[in-house]
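Letter by letter, the sequence shown follows residues 1 to 550 of full-length UniProt numbering. Ideal Cβ placement from N, Cα and C applies to all residues, glycine included. Here the structure is laid out as structure tokens; the discussion comes afterwards.
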Amino acid sequence: MEASAQQGNYVQVYVMLPLDIVSVNNRFEKGDELRGQLKRLVEAGVDGVMVDVWWGLVEGKGPRVYDWSAYKQLFELVHEAGLKLQAIMSFHQCGGNVGDVVNIPIPQWVRNVGVSDPDIFYTDQHGTRNIEYLTLGVDDQPLFHGRSAVQMYADYMASFRDNMKEFLDAGLIVDIEVGLGPAGELRYPSYPQSHGWSFPGIGEFICYDKYLQADFKAAAAMVGHPEWEFPRDAGTYNDTPQRTRFFVDNGTYLTEQGRFFLAWYSNNLIKHGDKILDEANKVFLGHTVQLAIKISGIHWWYKVPSHAAEVTAGYYNLHDRDGYRPIARMLKRHHASLNFTCAEMRDSEQSSQAMSAPEELVQQVLSAGWREGLNMACENALPRYDPTAYNTILRNARPHGINKSGPPEHKLFGFTYLRLSNQLVEGQNYVNFKTFVDRMHANLPHDPCVDPVAPLQRSGPELTIEMILQAAQPKLEPFPFEEHTDLPVQGLGGIGGGEVEDPTGGMGGEVQQDPTGGMGGEVQQDPTGGMGGEVEDPTGGMGGELPPTV
């Protein structure tokens with residue numbers, strides 16, 4: 001096969017940088033260590049790196065007082081190495097989750113507003129506040145020294161654009177992942193370990209701040225039911241679906257009132273993302289970057305009819321309703337890509353008691369995005385160094401294998417490995433990883449010109465929520481995926497990874513591990529394997545935090 005024909009099979013590989021690559025006092029002090037690690041990544045053929053750009057560090061000293069100096073030093077080092085850069089606008093807290101190695105809260109001056117108005121934070125039915133991320137209920141409330149939450153996010157992104165102009169113009173920065181929730185993922189903080197959640201609990205609805213309560217009452221009154229309230233029978237964080245009247249088979253989630261609540265809850269999340277991405281699109285308009293968001297990979301309880309854990313996080317996904325394709329349709333308007341997690345996970349590695357199905361979940365979400373014409377990306381939820389994990393990722397990266405005559409019908413636009421460490425770039429782990437990168441590149445030489453990014457165009461016309469929701473039904477069957485990759489990594493198991501038990505109890509995750517596999521973070525471990533920069537999302541998130549989903 002000619003290399004030119006095969007080039008369409010090349011999938012770019014990025015590596016997430018450590019959560020604390022910029023210190024808690026906003027200094028870049030690990031230049032020498034990182035320079036050596038980046039050299040190893042370049043030798044392995046890696047295309048680029050991803051990094052969390054923490055709001056709490058850059059704007060930590062006061063409103064509109066930005067200090068980008070540490071990140072400029074970091075970006076210069078990445079540029080010198082010849083790698084591309086994916087930057088995460090991390091508007092959430094890093095820390096407080098499994099695997100978090102550092103604590104970076106949102107700016108103190110923002111948190112101070114919460115002293116007199118604690119409802120700026122997401123709140124559960126017990127009145128417990130979650131300070132990881134501001135509630136979407138204050139998106140348009142001018143509570144922060146005259147600015148709303150959306151205005152603060154937009155101003156931060158505009159300052160990033162202005163201060164990083166040289167790197168944008170040079171083509172270093174190719175991707176702007178916009179954090180939209182805890183662990184950088186578009187979701188509610190429904191499974192916070194810091195509040196007692198443990199895998200495989202169904203989580204809770206997190207909408208009890210006064211702003212969201214008022215919004216719900218107004219919405220219920222609009223449809224002639226001012227008496228409707230939030231569900232009282234949906235259980236608590238660590239319940240199973242069958243222990244609740246709401247999520248049990250044929251439960252109250254199927255009643256008129258239950259369906260209204262779930263639509264309101266999930267629609268607000270879509271509108272939240274739509275609003276902030278519209279601002280991001282205006283900020284980066286004309287620049288040669290791609291916008292992206294991260295979705296959490298909540299794979300537990302996927303096999304039960306109510307999909308309880310997904311639903312409490314805000315993904316209204318049922319057997320006859322696609323909870324992910326409406327999100328993809330919203331993203332299409334902004335020319336944005338979707339980053340998903342838990343790409344390394346096999347159903348057979350999960351606990352049967354959690355009714356978990358990461359393979360089917362990945363297949364559904366990727367299919368939904370491809371049907372809407374999106375560039376789709378993935379990341380792993382938990383650190384793995386073994387061929388089994390790499391081969392699962394390779395299968396998901398090219399579900400139908402290599403196309404010898406041109407680009408395959410479906411392939412990932414990119415994959416981000418969580419995360420960079422000395423353990424990754426040494427010994428057998430490095431040998432396996434280098435082979436994995438070669439296979440992702442379809443055994444072609446490293447090529448920085450593959451899948452070039454076009455200048456960002458203005459978002460399309462605004463879509464009503466009704467237009468977006470047309471994508472939810474009918475729920476189509478996912479595209480078929482091959483059982484195994486046709487370009488496997490052979491060889492020895494990695495050290496420190498492998499098919500060991502998942503510390504999250506089968507949820508997956510990262511070092512921010514979000515059990516959902518969010519895109520955002522790492523140090524937080526989200527059972528979903530978030531992407532962001534938190535501990536790792538057990539859901540395998542994409543972003544640059546530790547996803548707080550475990």
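> Should residue 348 be labelled buried (16 or more other beta-carbon atoms within 10 Å of its own) or exposed?
Replying inline: exposed
> To the nearest angstrom, how far is it from the Cα of residue 56 to the Cα of residue 114?
Replying inline: 15 Å
> Under 8 Å between the Cβ atoms of residue 177 and residue 61?
Replying inline: no
> Which residue spans inside the stretch 386 to 432 form an unbroken alpha helix (DSSP H) run of at least 4?
Replying inline: 387 to 397
>> For residue 110, report the span of its alpha helix (DSSP H) as first-last.
In response: 108 to 116
> What do you reckon, are the CB atoms on residue 313 and residue 129 nearer than 8 Å?
Replying inline: no
>> Excluding the 5 residues flanking residue 157 on each side, which residues of the same chain have their C-beta closer than 8 Å to its C-beta?
In response: 89, 176, 178, 279, 280, 283 and 284
> Going by Cα to Cα distance, which pick from 65, 254 and 216 is closest to residue 163?
Replying inline: 65
>> Just verifying my parser: in three-state terms, what is the DSSP assignment at residue 529?
In response: Summary for residue 529: the model assigns pLDDT 44, below 50, so the residue's position carries little reliability; its value from the coordinates is reported in the next sentence. Three-state DSSP puts residue 529 in coil, outside helix and strand.
> What are the residues that DSSP puts in a beta bridge with residue 175?
Replying inline: 86 and 290
> Measuring CB to CB, does residue 92 end up less than 8 Å from residue 192?
Replying inline: no
>> Among the candidates 109, 53 and 19, whose CA atom is the shortest distance from the CA of residue 103?
In response: 19
> Got a sec? Which residues, its chain only, sit under 6 Å from residue 438 by beta carbon, not counting five neighbours each side?
Replying inline: none
>> Between residue 551 and residue 196, how many whole angstroms is the CB-CB distance? I'm expecting something under 8 Å.
In response: Because the chain is modelled from 1 through 550, residue 551 falls outside the range shown and cannot be assessed.
> With 16 as the cutoff for other CB atoms within 10 Å, does residue 448 come out buried or exposed?
Replying inline: exposed
> Between the C-alpha atoms of residue 339 and residue 480, what's the straight-line distance to the nearest angstrom?
Replying inline: 20 Å
> For residue 271, which option in 307, 377 and 464 has the closest C-alpha, if you only look at C-alpha atoms?
Replying inline: 464
> Straight-line CA distance for residue 394 to residue 434?
Replying inline: 13 Å
> How many Å lie between residue 430 and residue 424 at the Cα?
Replying inline: 6 Å
> Could you give the distance in angstroms between the alpha-carbon of residue 258 and the alpha-carbon of residue 87?
Replying inline: 39 Å
> Cα separation between residue 332 and residue 374?
Replying inline: 6 Å
> Are the Cβ atoms of residue 443 and residue 491 separated by less than 8 Å?
Replying inline: no
> Would residue 399 be called buried (16 or more neighbouring beta carbons within 10 Å of its own) or exposed?
Replying inline: buried
> Which of the three DSSP states, helix, strand or coil, is assigned to residue 296?
Replying inline: coil
> Is the beta carbon of residue 243 sitting closer than 8 Å to the one on residue 233?
Replying inline: no
> In angstroms, rounded to a whole number, what distance separates the CA positions of residue 482 and residue 310?
Replying inline: 25 Å
> For residue 209 versus residue 140, is the C-beta spacing smaller than 8 Å?
Replying inline: no
>> I need the DSSP call for residue 327, collapsed to helix, strand or coil.
In response: helix
>> According to DSSP, simplified to helix, strand and coil, what is residue 71?
In response: helix
>> Measuring only the C-alpha atoms, how far is residue 590 from residue 74?
In response: Nothing in the structure corresponds to residue 590, since the chain is present only between 1 and 550.
>> At the level of alpha carbons, what is the spacing between residue 327 and residue 150?
In response: 19 Å
> Comparing alpha-carbon positions, which option in 372, 180 and 253 lies nearest residue 318?
Replying inline: 253
>> For residue 81, tell me which candidate among 107, 24 and 34 has the shortest Cα-Cα distance.
In response: 34
> Anyone know if the C-beta pair for residue 180 and residue 276 falls short of 8 Å?
Replying inline: yes
> In three-state terms, what does DSSP make of residue 524?
Replying inline: At residue 524 the pLDDT is 35, less than 50, meaning the model places this residue with poor confidence and gives no usable figure here.
> In the DSSP assignment, what residue or residues form a beta bridge with residue 123?
Replying inline: 129
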